[in-house]
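> Starting off with a structure, shown below.
Numbering (UniProt numbering), first residue to last: 1 to 401.
And the structure:
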């Protein structure tokens, strides 16, 4: 399926924008049950996609090609775009009349489908709110999010209850599909909610019941080590043997510090105390009550047009935590922007200058916090696919333009 935008409709996406869905619970890695997104139409021009349809049809004449179209609420624009897609070789057309985030405010997507004669009814729901009331995806300096087209229902955990409360709910209902004849489950949810409130008031840096992430392999702390060329040493095969030899030498010379290193930090630092509330600077009476958290996430939630698309981010991979599975590379290559290079020998992935911050790699990575989204330090140049466009290759984190 090809997504063909309107003839004169150019957009700039925000980042991050495509994240793992909540349907898989706390399952991380590939084989996600769903993805949530606040991505708009393609940033590429219509001619780029039409040429792609022509070339694809020429290579695979017996295959069915579906062109997904979206343009402004102007009849003539729809007539012209559908004719262009048909002439390029598309066998079927999908008319996108229901995109609920961002496009409706631009006079496209839901702005067309919301017409009284349409049978489309999209229920708006939030993307994701963490236990500390921060949103995901979080866009810009203010870390704001917006709504998307999803259905909503009852809660199935204390964490979900906390999300609803932080978004303004004064009461929640238990999902009707959950057995609860003897009140045991509701009692568990109440206990879980109390635990989340206690952790929120006592321990900084935690996300619900999860402590801050430190560099590790299979749960064991790791130390950044490099080969003779200054490249990180992976944790498999002959590289693992080199690591063991270097570590053995460091231990003999007493140069190994027994300290946890935060992810994406190669310098050994003193481990932060994340368990002792008395060293956290918070008193017992600072544990929030339910009424204190109702609606506390609302300042971070608003319309798509309020998101700052000038504050772009790119993916950064922690080589020490990477298990070299290649899922980030596969996803970016198949469904993203071909912005990750996978070293054929070390199997260490590297993000290049084509990264647009779509966040797909992070969303399929099986290691929590191995990939993070960091501010882009070079000018954000959009490749719209126009004939004659020339781009200078610059690494997304090089800091030069």
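Glycine residues also receive a C-beta, built at the ideal position from the N, C-alpha and C atoms.
As the structure is a prediction and not an experimental result, all values here were calculated from the model.
(1) From residue 48 to residue 17, what distance separates their C-alpha atoms?
(2) Rounded to whole angstroms, what is the Cα-Cα separation between residue 255 and residue 34?
(3) Quick test of your reading: residue 91 and residue 66, contact by CB under 8 Å. State the CB separation rounded to the nearest angstrom.
(4) Report yes or no: do three or more beta-carbon pairs, one from the stretch 212-231 and one from the stretch 333-340, lie closer than 8 Å?
(5) Scan the UniProt domain "4Fe-4S ferredoxin-type" (313-345) and note each continuous beta strand (DSSP E) run of 3 residues or more that stays entirely inside, going in chain order.
(6) Answer yes or no: do residue 155 and residue 129 have a C-beta to C-beta separation smaller than 8 Å?
(7) As a quick exercise: from 287, 159 and 370, pick the residue whose alpha carbon is nearest that of residue 324.
(8) How big is the Cα-Cα spacing for residue 429 and residue 372?
(9) Given this structure, state the Cα-to-Cα distance separating residue 99 from residue 50, to the nearest angstrom.
(10) With a 10 Å radius around its C-beta and 16 neighbouring C-beta atoms as the bar for buried, classify residue 365 as buried or exposed.
(11) Determine the direct distance from the alpha carbon of residue 215 to that of residue 221, and round the result to whole angstroms.
(12) Closest to residue 313 by CA distance: which of 15, 146 and 160 is it?
(13) Between the Cα of residue 293 and the Cα atoms of 375, 79, 19 and 169, which residue gives the shortest distance?
(14) Is the number of C-beta pairs between the stretch 349-359 and the stretch 316-331 that are closer than 8 Å three or more?
(15) Tell me whether residue 26 is buried or exposed, calling it buried when 16 or more other Cβ atoms sit within 10 Å of its Cβ.
(16) Reducing DSSP to helix, strand and coil, say where residue 18 ends up.
(17) Can you look up residue 1 in the DSSP assignment and give me helix, strand or coil?
(18) What residue does the beta strand (DSSP E) around residue 67 start on, and which one ends it?
(19) Would you report the Cα separation of residue 187 and residue 165, rounded to the nearest angstrom?
(20) Which value, in whole angstroms, describes the spacing of the CA atoms of residue 171 and residue 31?
(21) Please state whether the Cβ-Cβ distance between residue 384 and residue 45 is less than 8 Å.
(22) From 72, 225, 202 and 157, pick the residue whose C-alpha is nearest to that of residue 443; which is it?
(23) For the candidate residues 190, 76 and 248, whose alpha-carbon lies nearest to that of residue 161?
(24) Taking the straight line between their C-alpha atoms, what separation do you get for residue 378 and residue 311?
(25) In whole angstroms, what separates the C-alpha of residue 328 from that of residue 339?
(26) Got a sec? Which residues, its chain only, sit under 7 Å from residue 119 by beta carbon, not counting five neighbours each side?
(27) If we require 4 or more residues per run, which alpha helix (DSSP H) segments fall completely within the stretch 226-271?
(28) When you compare each of 287, 28, 135 and 290 to residue 307 by their alpha carbons, which one comes out closest?
(29) Let me make sure I understand the geometry here. Which of 287, 236 and 185 has the alpha-carbon closest to that of residue 203?
(30) Rounded C-beta distance between residue 41 and residue 304? I'm assuming under 8 Å.
(31) Quick check on residue 108: does DSSP put it in helix, strand or coil?
(32) Considering only C-alpha positions, which residue in the set 381, 374 and 367 is nearest to residue 218?
(33) Quick check: what's the CA-CA separation for residue 353 versus residue 93?
(34) Give me whichever residues DSSP pairs with residue 210 in a beta bridge.
(35) Rank 182, 291, 341 and 142 by C-alpha distance to the C-alpha of residue 302 and give the top, closest one.
(36) For the alpha helix (DSSP H) containing residue 53, list its first residue and its last residue.
Looking at the atomic coordinates:
(1) 23 Å
(2) Near 46 Å, if we compare the C-alpha coordinates of residue 34 and residue 255.
(3) That pair is a contact at about 7 Å.
(4) no
(5) 313-317 and 340-342
(6) no
(7) 370
(8) The shown model of the chain, from 1 to 401, leaves out residue 429, and the question about it has no answer.
(9) Residue 99 and residue 50 have their C-alpha atoms some 21 Å from each other.
(10) buried
(11) 6 Å
(12) 15
(13) That would be 169, whose Cα lies nearest to the Cα of residue 293.
(14) yes
(15) exposed
(16) strand
(17) Note that residue 1 scores 48 on pLDDT, short of 50, meaning its location in the model is unreliable and no value can be drawn from it.
(18) 66-69
(19) 17 Å
(20) 33 Å
(21) yes
(22) Past the boundaries of the shown model lies residue 443; the chain is included only from 1 to 401, so the question cannot be answered.
(23) Residue 161 has its Cα closest to that of 190, out of 190, 76 and 248.
(24) 11 Å
(25) 10 Å
(26) With a pLDDT of only 38 at residue 119, under 50, the local geometry of the prediction cannot be trusted, and no value is derived from it.
(27) Runs of the alpha helix (DSSP H) spanning 4 or more residues and lying entirely within the stretch 226-271 occur at 237-252, in chain order.
(28) For residue 307, the closest alpha carbon among the candidates 287, 28, 135 and 290 is that of 135.
(29) 287
(30) Wrong, their Cβ atoms sit about 13 Å apart, outside the cutoff.
(31) coil
(32) 367
(33) Cα to Cα, the separation comes out at about 33 Å.
(34) 207
(35) The option with the nearest alpha carbon to residue 302 is 142.
(36) 46-59
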